[in-house]
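What follows is one structure encoded as structure tokens, with my remarks underneath.
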Amino acid sequence: MILSQLLDHVEYKCVQGSLDCEVTAVINDSRKLVEGCLFLCIKGASFDGHRFAAEAVEKGASVLVVQDDVEVADTVTVIKVADTRKAMAFISAAWFGHPARELKTIAVTGTKGKTTTTYMIREMLESAGLKTGVIGTIEVVIGDEHIPVNNTTPESYDIHKYFRQMADAGCQCVVMETSSQGFKLDRTAGIMFDYGLFTNLSPDHIGPNEHENFEEYLQCKAMLFKQTVKGFANIDDEHYAEIVKDASCDIQTFGLKEGADLHAYDIQLTRDTDFLGVDFKVDGVAEGAISCGIPGTFNVHNALGAMSVVLSLGLSLDQINAVLRHFTVKGRVQIVPTGYDYTLIIDYAHNAVALESILNTLRAYNPPRLVSLFGCGGNRSRLRRFEMGEVSGNLADLTVITSDNPRNEEPQDIINDIITGIEKTDGKYISIIDRREAISYVMNHGEAGDIIILAGKGHETYQEIKGVKYHMSEEEIVQDVLDGKY
248 MILSQLLDHV
258 EYKCVQGSLD
268 CEVTAVINDS
278 RKLVEGCLFL
288 CIKGASFDGH
298 RFAAEAVEKG
308 ASVLVVQDDV
318 EVADTVTVIK
328 VADTRKAMAF
338 ISAAWFGHPA
348 RELKTIAVTG
358 TKGKTTTTYM
368 IREMLESAGL
378 KTGVIGTIEV
388 VIGDEHIPVN
398 NTTPESYDIH
408 KYFRQMADAG
418 CQCVVMETSS
428 QGFKLDRTAG
438 IMFDYGLFTN
448 LSPDHIGPNE
458 HENFEEYLQC
468 KAMLFKQTVK
478 GFANIDDEHY
488 AEIVKDASCD
498 IQTFGLKEGA
508 DLHAYDIQLT
518 RDTDFLGVDF
528 KVDGVAEGAI
538 SCGIPGTFNV
548 HNALGAMSVV
558 LSLGLSLDQI
568 NAVLRHFTVK
578 GRVQIVPTGY
588 DYTLIIDYAH
598 NAVALESILN
608 TLRAYNPPRL
618 VSLFGCGGNR
628 SRLRRFEMGE
638 VSGNLADLTV
648 ITSDNPRNEE
658 PQDIINDIIT
668 GIEKTDGKYI
678 SIIDRREAIS
688 YVMNHGEAGD
698 IIILAGKGHE
708 TYQEIKGVKY
718 HMSEEEIVQD
728 VLDGKY
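If you count by my numbering, then the sequence shown holds residues 248 to 733, one letter each, in order.
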């Protein structure tokens, strides 16, 4: 592709060279340089691509895109922009032929509920015959292909690469999780989403290399409604007004408050041994009864958000109900049948806010005992450990403290911090370092009617210890316990 075509929507200055040169590849990783490529000198928290400018030229790059001055041979074209990361988003879109224009694009943002809501939307659209791709925390889904990911919102180059693959595979829609970091780092810059959905907001991702404070976190989330055609927002969230105040699109609301455009009422919790759900009625833009196969009022909000989007795309309540009655998401309040007379759940809750939310949700089903098993990640804030210990001590009848991803810390040191928090409460607890043994313990000591939650790992299939990721799937561990291996 000719360089001038790649720069069509970029503000730039050509420092040296020609705009008519041919570009063979778009690269932002110096380890992947190829002859004739365009190399983007990206500045990150711990690296600076400008340091590799000369090396890129030596290895055959024909174009450098920079935001700082570089000294290189005059045989290469140098394009200067204000922000190379933002420029990468526009260049990547052009490189892949603007694939977002070939898809109905749906973006979901919020502190909690993004993954669940994203998969709800996908399953509803697929059931209506609309082939739909997914980009999110768990994976990228393109037809039958499931691709692991490292970031909730990938780098802009990867987003457009996935969009292109989806369009070429016959997808009509894509639904993606859009994180605050994704907005902050311009990973979605230049994309005008057809639909944007806000779930909720609470303090998270605040600290080094993330967000300076809650205000910045909120502002990054609010960016969604400046780059979407039609927005949907949870009117019950305490930060709703701040999120939508600068929106450049029409906003349709959903929630439990009277006056919401899609309003839920008459909420009823439903339970069987291997089933926790919630039934409710809706009025407003649609009227009828809904039966949802995942528990809790917060999942009413997730369902309402997903329903708002698909109703706008022409689906009926009958089509929606057919999906929601049997809906599950891997690692998100995922009920694992055991054959025993207790309910076993795997969930990704890995901070105090999420753990408190899920334990309160499960407590509402009035189990004789609520058992909470969790650990905390190493090389992360110790405050999270104290908080999660205190939350579980206050809300669970029994807490089993175990290991999560200890990373480079000693698991017992992490457990001791959690114990510091739980001992502020009157909650009963035991600690078992080995997570497999801990899961075996709660399963073999489960009592009739218990709700047992394995919290923190969710969809993850590894445990990170001393820089190495070892395979570990909680679903597999549960099956091993049932098979008598633990």
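The beta carbon of each residue, even a glycine, is placed where N, CA and C say it ideally should be.
Check	Outcome
Cβ-heavy atom distance, Lys716 to the ligand FAD, below 7 Å	The model on display carries no ligand, and the ligand FAD is accordingly not part of it.
Those runs of the beta strand (DSSP E) which lie wholly inside the region 579-641 and span at least 3 residues	590-594 and 617-621
Chain-order list of residues whose beta-carbon lies under 8 Å from that of Thr379 (same chain, five-residue window excluded)	Ile368, Arg369, Leu372, Glu373, Cys418, Gln419, Cys420, Val421 and Val422
Beta-carbon proximity list for Met635, same chain, < 8 Å, skipping 5 on both sides	Asn598, Ala599, Leu602, Phe621, Cys623, Ile665 and Gly668
Where Ala550 falls: helix, strand or coil (DSSP)	helix
CB contact flag (Thr425, Ala494, <8 Å)	no
Leu562 beta carbon less than 8 Å from that of Ala375	yes
Where the beta strand (DSSP E) containing Tyr717 begins and where it ends	Val715 to His718
Stretch pair the region 473-484 + the region 382-390: three plus CB contacts closer than 8 Å	no
Proximity of Phe337 and His256 at Cβ, strictly below 8 Å	yes
Chain-order list of residues whose beta-carbon lies under 7 Å from that of Ser339 (same chain, five-residue window excluded)	Val273, Ser403, Tyr404 and His407
The beta strand (DSSP E) enclosing Gly376, as first and last residue numbers	Run containing Gly376: none; DSSP gives neither H nor E here.
Ordered list of beta strand (DSSP E) runs contained in the region 521-548, each at least 3 residues	522-531 and 535-539
CB of Tyr589 within 8 Å of CB of Gly696, strictly	yes
Residues of its chain near Val689, where Cβ-Cβ distance is below 6 Å and the 5 sequence neighbours each way are ignored	Val618, Leu620, Val647 and Ile699
Glu721 burial status per 10 Å Cβ neighbour count (16 or more: buried)	buried
Identity of the residue in Phe286, Glu463, Ile326 and Ile498 nearest Ser555 by Cα	Ile498
Close-in-space but distant-in-sequence residues of the same chain around Gly543 (CB under 6 Å, 5 per side omitted)	Thr608
Residues that Met423 bridges to, as DSSP identifies them	Ala354 and Ile382
DSSP three-state assignment for Thr415, whether helix, strand or coil	In the sequence as displayed, the identity of residue 415 is Asp instead of Thr. The answer is helix: DSSP assigns Asp415 an H, G or I state.
Runs of beta strand (DSSP E) lying entirely within the region 640-675, each at least 3 residues, in chain order	645-648
Chain-order list of residues whose beta-carbon lies under 8 Å from that of Lys359 (same chain, five-residue window excluded)	Thr446, Asn447, Ser449, Phe545, Val600, Ala601 and Ser604
Euclidean distance between Cα positions of Gln466 and Pro395	29 Å
Straight-line gap, Glu707 to Thr363 (C-alpha atoms, nearest Å)	15 Å
Reference Cys539; option with closest CA among Gly531, Cys284 and Val580	Val580
Other residues of its chain near Val734: CB distance less than 8 Å, five sequence neighbours each side excluded	An answer regarding residue 734 cannot be provided, because it is not within the stretch 248 to 733 covered by the chain.
Which listed residue (Leu551, Arg518 and Ile541) has its alpha carbon closest to that of Ala533	Leu551
Simplified DSSP assignment, three categories, for Glu721	helix
Close Cβ partners of Asp651 (< 6 Å) along its chain, the five nearest in sequence each way excluded	Gly622, Cys623, Gly624 and Gly703
Contact between the region 294-313 and the region 424-438 (3+ Cβ pairs under 8 Å)	no
CA-to-CA distance, Glu485 to Arg610, given in whole angstroms	23 Å
Assigned secondary structure, Pro395 (DSSP; H/G/I helix, E/B strand, else coil)	strand
Counted within 10 angstroms of its Cβ, other Cβ atoms place Leu630 as buried (16 or more) or exposed	exposed
Integer Cβ distance of Ala301 from Leu280, believed to fall under 8 Å	Incorrect: roughly 12 Å between the Cβ atoms, too far for contact.
Residues near Asp321 in its chain [Cβ-Cβ closer than 8 Å; skip 5 each side]	Gln263 and Gly264
Simplified DSSP state of Leu509, which is helix, strand or coil	strand
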